[in-house]
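According to numbering that gives the first Met the number 0, the sequence shown holds residues 0 to 96 in order. Every residue gets a Cβ at the ideal spot worked out from N, C-alpha and C, and that includes glycine.
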Amino acid sequence: MVLTSPFVIELSQAERERLVHHTPKHASWLNQVELFFSTLARRLLRRGQFTSRDELVAAVDNFVLAYDEHDAKPYRWTYDGSPLKAAQPRSINAALH
């Protein structure tokens, strides 16, 4: 099946002008989200006894506020991508600079 709506045609033309950069799974922002939910589960949810949904929501809200105030730290990215740059073909490497 070929999609020929004006939106699909416009989108496919726009895609030709973009350079897609895939991030490795181990370097994903998603890992940071997974770490946060792991912390939430370990510190609050495993031992928590909540008698209502509202009580759970309030406990999670309070946890997030306390976490943001005391435990959250900016992530300092140290990987410079040298191995990836060296492995890329010259045409893509030139487009990145």
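Using DSSP with H/G/I as helix, E/B as strand and the rest coil, what is residue i?
i       : result
Lys-84  : helix
Ser-176 : With the chain running from 0 to 96 in the structure shown, residue 176 is simply not present.
Met-0   : A caution first: Met-0 carries a pLDDT of 47, below 50, which makes its placement in the model too unreliable to give a value.
Tyr-74  : coil
Asp-79  : coil
Arg-42  : helix
What are the boundary residues of the alpha helix (DSSP H) that residue i is part of?
i      : result
Thr-38 : 28-39
Could you check which residue in the options has the C-alpha nearest to that of residue i?
i      : options                        : result
Phe-62 : Thr-38, Asp-79 and Thr-77      : Thr-38
Arg-75 : Glu-9, Gln-31, Ser-4 and Phe-6 : Gln-31
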